[in-house]
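With my numbering, the residue at position 212 of the sequence shown is 415, and numbering never jumps. By construction, the Cβ of each residue, glycine as well, lies at the ideal position given by its N, Cα and C atoms. Just so you know, these numbers come straight off a predicted model, no measurement behind them.
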Amino acid sequence: MPIKPALTELPIKTAASGFYRGFTKDVTITAKLLVGALILWAIAFPDQAASVLGALNSIILASFSYWYVYVMAFFVILCFALALWPTAGKLKLGLESDKPEFSNFSWFSMMFGAGIGIGMLTFATAEPMYHFGSNPATIMGDTEGSTAGNVRDAYIWSFTHWGLAAWASYAIVGLALGYFSYRRGLPLTIRSALVPIFGKKLSGPVGHAVDVVAVVATVLGVAQTLGFGVEQFIAGLSRIGFGDWLYTTAADGSQSSSTSAIIFALLIIMGASTLSALSGVGKGIKWLSNINMGLSFFVLTFFVIFGSTFFGLSALFVGIWDYLLSIPGNIFTVWSATPMDAFVANVPASVQALPAETLSAVYDGATSPWGTLASFTEGLPEGAASLPAGDIAAAYAAATESRLSGWQGAWTIFYWAWWIAFAPFVGVFLARISKGRTVRDYVLGAMVIPALMCFVWFAIVGGTAIDLELTGEANGAIVGAGQADQLFAMLGVILSETLAWLMSILIVVLLLTYLVTSADSAVLIINTINAAGDEGPKARPHILFWGAALALVVGGLIIAGGLGAIQTAMVIGALPFSFVMVLMGVSLIKAIWRDGQRIKHGLPTTSVVAAEPAE
């Protein structure tokens, strides 16, 4: 079979005039209608939206857990394979004469800030603390929660969720887009990464559908990130004295962010991000990203000096070792829920003899991943509470697989969906700022280094929180705080009231810059996809629309069902794009293999002229 030249043209029709001049109307209008419908639904029918989204989320978690787990494993393996593959590793994302546009520091700052900054501030404390109390090892009875013996398992799972898998999903999208856009001269949009599979068919409805899926996934993935950030931003405002109006108290005494606080936070964040987006990547976003990195290193240095440094360093090195050893098992293992009939078949006869209603209550309690044997025993209905202790323990053990499945769905699958939903945004952004770098340098820079940075944060910051609880110094103040408030609660333990207040202000500023960086980058990327990969400045109405849309999606879903509603919408939106990402990986392998053959036959593998980056 003769070796064909690489496809270097993919015409995508854009409007020549009018409001949508320069945009692909089929993509832009469809995406706006879908996102607009979600916003109206969440605001007009919040209860129905929360119920339907929750039901769909349950179906997806039950049916696609294997898919999410194996897909992420595929991305990790593929990234390392491409970096080690001699033919692939030395190829540039661009022409051989192209040089990186940004310095290593600015490149890393923008990549890190847009990719994970907000979540890191929330979860660097919250996630190790949570897994310190509960993780698969505690569910299986191998360790006891909230004890020194559970620290290593806490970090295995924290590193698993925020390590190589997360960044591999970003790296694959960015690598594919950078390869086809800057080597082949194809538009910087998602469909271009599928050219080796679909060819010029991507100029039409097939390509439009791919880009619409990417835009919707981006909106929902960024909304999840902004949702966490808004909650922590409000918690920070409360800590520095903005008043009681930030929270509302339910009848049971629980507190949640008030509607006024959510609106206030979103107005500040999205207003600033829109102004930044109007200034472009090379100005506002680059400037904010460098500030982010500087403040992040300051905060990290603070915890190195004032936190539990030796405990954190031990957690870091031991955690990385344990994580690397656990990778084969953790990224391929999928636990399945135990059906009611299977559960009944494996419990003692005394449990089987319970009335149907009581047996159902026992099943519900035994399959809950959030309890322990003690809490399960305490919560048994009257008819089951008198059973022998051994039979109760056997009933609890019979549902271990279900508890593991529930935990995996709430944590691992949630994270895999989040990274996938976030991938079109971060991937396009990574491609945009990585022109001129080799495949090998890109993979190391976009996957390994950020993962190590996350590990350092989780070990030093989260390790300080765990150590304070282990020694009793915190006296439950950190573990008892809400997820969004745990970082500020820790500051209150290790610092005086005045210093804690000052440090909280700094954290709030850092949160704001991270939120703004993520939001404005997302707006620019969405408009780039809608404009068939055109990286040039966009008309203000389109920037304003997507800025407002992001704010309304976050606010509407939080009001409808809190962060859980955003989470369920994001998991649903991530599923279609996960299939696109797999095709991108296959397409990239196919393209690099064919380029190797073209090189052997003296055929060109790049476009004659590379597009200049937008100012």
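Counting C-beta pairs closer than 8 angstroms gives three or more between the segment 566-579 and the segment 598-617, which meets the contact rule.
Contact between the segment 298-312 and the segment 324-332 is absent, with fewer than three C-beta pairs closer than 8 angstroms. Distance from the CA atom of Ser790 to the CA atom of Val398, rounded to whole angstroms, is 7 angstroms. The count of Cβ pairs closer than 8 angstroms, one atom from the segment 720-736 and one from the segment 355-363, stays below three, leaving the stretches out of contact. In the same chain as Thr290, and ignoring 5 residues on each side of it, the C-beta atoms closer than 6 angstroms to its own belong to Gly799, in chain order.
Where Tyr717 is concerned, there is no enclosing beta strand (DSSP E), although the alpha helix (DSSP H) around it starts and stops at Glu700 to Asn733. With contact defined as three or more Cβ pairs closer than 8 angstroms, the segment 500-507 and the segment 748-765 are not in contact. When DSSP states are grouped into helix, strand and coil, Arg640 belongs to the coil group. Leaving aside the five residues that flank Arg606 on each side, the residues in its chain whose CB is nearer than 8 angstroms to its CB run, in chain order, Ile342, Ala569, Thr570, Ser571 and Pro572. Counting along the chain, the unbroken alpha helix (DSSP H) around Gln689 starts and ends at Gln689 to Ile697. Gln458 has Thr452 as its beta-bridge partners, per DSSP. Excluding sequence positions up to five before and after Ser337, its CB lies within less than 6 angstroms of the CB of Gly348, all in the same chain and listed in chain order. As computed with DSSP, Arg224 is found in a beta bridge with Ala218. Taking C-beta atoms as the reference points, Thr731 and Leu391 count as a pair closer than 8 angstroms. Under the Cβ criterion (8 angstroms, minimum of three pairs), the segment 576-595 does not count as touching the segment 249-267.
If you look at Tyr526, you'll find it in the alpha helix (DSSP H) that goes Thr512 to Asn533.
The Cβ neighbour count for Lys741, taken over all protein chains shown within 10 Å, is at least 16; the residue is labelled buried.
Ala620 is a Cβ neighbour of Val774, given a cutoff of 8 angstroms.
Residue range Pro249 to Leu287 is occupied by the alpha helix (DSSP H) that includes Asn260. Per DSSP, reduced to three states, the secondary structure at Lys403 is helical. Boundaries cannot be given for Ala602, as no alpha helix (DSSP H) includes it and DSSP labels it neither H nor E. Boundaries cannot be given for Phe305, as no alpha helix (DSSP H) includes it and DSSP labels it neither H nor E.
For Pro339, the enclosing alpha helix (DSSP H) begins and ends at Pro339 to Ile342. With a 10 Å radius around the Cβ and a threshold of 16 neighbouring Cβ atoms, Pro531 comes out exposed. If you check the CB distance, Ile669 and Val238 do not come in under 8 angstroms. If you draw a straight line from the Cα of Gly586 to the Cα of Ala552, it comes to about 14 angstroms. Under the DSSP assignment, Asp670 falls in the alpha helix (DSSP H) whose first and last residues are Gly666 to Leu673. The DSSP-derived three-state label of Lys793 is helix.
The three-state secondary structure of Lys293, taken from DSSP, is coil. The straight-line gap separating the alpha-carbon atoms of Leu766 and Phe625 is approximately 16 angstroms. For Leu380, the uninterrupted alpha helix (DSSP H) segment begins and ends at Leu367 to Gly381. Counting along the chain, no alpha helix (DSSP H) covers Ile393, and no H or E run does either.
Each residue's CA atom was taken as its position, placing Leu469 and Leu440 some 13 angstroms apart. Between Thr667 and Met650, the gap from beta carbon to beta carbon reaches 8 angstroms or more. Per DSSP, reduced to three states, the secondary structure at Pro744 is helical. When secondary structure is reduced to three states using DSSP, Thr325 falls in the helix class.
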